[in-house]
Every structure is written in structure tokens, then in C-alpha cells.
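Colleague: For the sequence shown, position 92 (counting from the first letter as 1) is numbered 91 according to numbering that gives the first Met the number 0, and the numbering increases by one without interruption.
Take this structure first; my questions come after.
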Amino acid sequence: MSNETEEPAVTVERVPDVATQARYSGQRLRDRRKSLGISMTAAAEAAGMSRVTWHRLERGETSVAWGYVLAAVHALGLEVEIEVPGAASTASAPSDLPALPLTIRLSDYAQLQRLAWQVGDGATILSPREALALYERNRRHLDIAALASGERALIDALSQVFDVDVLGV
């Protein structure tokens with residue numbers, strides 16, 4: 000048994016202005032979502048979280064996990080940058096990632112529509128994660144040579160954003 004005393008975990012109460020910053024960031028997410036005309040449910044699905052978690056983000060609740068914050072920011076086409084007060088920023092954000100649409104209309108992508116026959120409830124719109132899952136599960140049924148340029152761009156964007164090789168090339 001060690002006699003060393005452990006440092007207490009940093010809590011919101013010990014870090015100045017965290018609650019204020021969380022509320023401000025939540026308001027910015029809400030403003031961006033509304034300016035894009037996206038429902039809270041659609042934004043949450045695009046970010047891979049529940050609508051309740053998205054609501055907590057927009058309220059600025061500090062108990063929301065960091066991964067959810069990053070997913071929400073990315074889903075809205077925003078970036079997070081950590082800055083040292085008074086210092087020039089030298090870090091480069093991964094801004095070379097393509098933006099994905101929050102919803103993917105099956106009718107816009109012929110091969111995705113063909114792969115989505117098993118999607119229930121007559122769904123006509125998918126989230127990026129759902130589209131990625133369909134492409135990955137059904138890769139062997141894709142006719143890569145016949146992909147339209149827009150669908151190829153979607154697959155390339157999904158591959159980059161989710162760091163997977165959908166086409167296996």
C-alpha cells in the first residue's frame with residue numbers, strides 16, 4: 000500500500016468558467032443547427048447519439064462526454080480548436096476532411112439504393128453511419144466501375160471521415 004496521496008480529479012467546480020464555456024458552446028451548436036434547418040433528431044442521428052444527449056449538449060451540460068461533443072461539432076461541419084490564451088495557434092486542425100451531409104437521400108445514389116433493399120419502414124433517407132454500414136456490409140455487390148461520380152465522392156468522403164477503406168482498393 001502506498002503512502003502517496005493522489006491528486007483529486009479536476010472537477011467542473013475547480014476549473015473557472017467551464018460551465019459558462021459549455022453553455023456558450025451549446026448555444027453555438029444550437030444556432031448552427033437551426034441555421035442549417037436541421038431538426039435536433041436528425042442532427043443527433045448524424046452524430047451517432049440520442050436526441051436526449053444532443054439536447055444536453057445544446058443546454059451546455061458539462062457532464063456530456065467529450066466524444067459526443069466532437070461528433071456533434073463534426074456533424075454540423077464545425078471544428079474544435081484548443082487555443083493557449085495569448086499564443087498564436089500553430090496546430091493545424093484536420094480540416095482536410097470532407098464535409099458529409101447530415102442525411103443521405105437514397106434516390107441520389109443508385110447503388111446505395113440498390114443495397115438498401117433490406118432497410119425497413121420504406122426508409123428513403125439514411126445517416127452517414129447507416130450509409131457507411133450498408134456500403135461496408137455489401138461491398139462485394141458494388142459495381143465500382145459503374146459508380147457515378149457523386150456516389151464515388153460520397154464513398155470517398157465516408158472513407159475519409161470514418162477512417163475506413165470502404166472500396167477495399
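Ideal placement from N, C-alpha and C gives every residue a C-beta, glycine not left out.
Where do the N-terminal and C-terminal ends of the alpha helix (DSSP H) with Trp-53 fall, by residue?
Modeller: For this step, residue 53 is matched to residue 54 along the sequence shown. Taken as a continuous stretch (DSSP letters only), the alpha helix (DSSP H) holding Trp-53 covers 50-58.
Colleague: Please name the residue, chosen from Ala-132, Leu-157, Arg-29, that lies closest to Val-72 on a Cα-to-Cα basis.
Modeller: Your numbering for residue 72 matches position 73 in the sequence shown. It is Arg-29 whose Cα lies nearest to the Cα of Val-72.
Colleague: Helix, strand or coil for Ile-103, going by three-state DSSP, please let me know.
Modeller: Taking the first residue of the sequence shown as 1, we reach residue 103 at position 104. Of the three classes helix, strand and coil, the one that applies to Ile-103 here is strand, per DSSP.
Colleague: Which whole-angstrom value describes the C-beta separation of Ala-98 and Gly-76, a residue pair presumed to lie in contact below a C-beta threshold of 8 Å?
Modeller: Reading the sequence shown from its first residue, position 99 is the one you call residue 98. Reading the sequence shown from its first residue, position 77 is the one you call residue 76. About 5 Å; that satisfies the 8 Å criterion.
Colleague: For Val-165, count neighbouring Cβ atoms within 10 angstroms of its own Cβ and tell me buried if that reaches 16, exposed if not.
Modeller: For this step, residue 165 is matched to residue 166 along the sequence shown. Buried.
Colleague: Tell me which residue opens and which closes the alpha helix (DSSP H) that Trp-65 is part of.
Modeller: Mapped onto the sequence shown, residue 65 falls at position 66. 65-74 is the span of the alpha helix (DSSP H), which, as asked, contains Trp-65.
Colleague: In the DSSP assignment, what residue or residues form a beta bridge with Leu-125?
Modeller: The residue you call residue 125 lines up with position 126 of the sequence shown. DSSP output for Leu-125 lists Ile-103 as bridge partner(s).
Colleague: Counting C-beta neighbours from all protein chains within 10 Å, is the total for Gly-25 16 or more, i.e. buried, or is it exposed?
Modeller: Walking along the sequence shown from the start, residue 25 turns up at place 26. Looking at its Cβ environment, which holds 16 or more other Cβ atoms inside 10 Å, Gly-25 is buried.
Colleague: Using 10 angstroms around the beta-carbon of Glu-129, count the other beta-carbons present and answer buried if the total reaches 16, otherwise exposed.
Modeller: Within the sequence shown, numbered from 1, the residue matching residue 129 stands at position 130. With 16 or more Cβ atoms within 10 Å of its Cβ, Glu-129 is classed as buried.
Colleague: Consult DSSP for Ser-148 and reduce its assignment to one of helix, strand or coil.
Modeller: The sequence position of residue 148 within the sequence shown is 149, counting from 1. It is helical.
Colleague: Using only alpha-carbon positions, find the residue among Lys-33, Gln-110, Val-79, Ser-106 that is nearest to Arg-151.
Modeller: As a working mapping, residue 151 is identified with position 152 in the sequence shown. Arg-151 has its Cα closest to that of Gln-110, out of Lys-33, Gln-110, Val-79, Ser-106.
Colleague: The alpha helix (DSSP H) with Glu-44 in it runs from where to where?
Modeller: Taking the sequence shown and counting its residues from 1, the one referred to as residue 44 is at position 45. Taken as a continuous stretch (DSSP letters only), the alpha helix (DSSP H) holding Glu-44 covers 39-46.
Colleague: How is Tyr-23 classed by DSSP in three states: helix, strand or coil?
Modeller: Walking along the sequence shown from the start, residue 23 turns up at place 24. Correct three-state label for Tyr-23: helix.
Colleague: What residue range does the alpha helix (DSSP H) around Gln-110 cover?
Modeller: Here residue 110 is taken as the residue at index 111 of the sequence shown, counted from 1. It spans 109-114 - the alpha helix (DSSP H) in which Gln-110 sits, taken as one unbroken run.
Colleague: State whether the segment 133-152 contacts the segment 54-70, with contact taken as three or more CB pairs (one from each stretch) at a distance under 8 Å.
Modeller: The segment 133-152 is not in contact with the segment 54-70.
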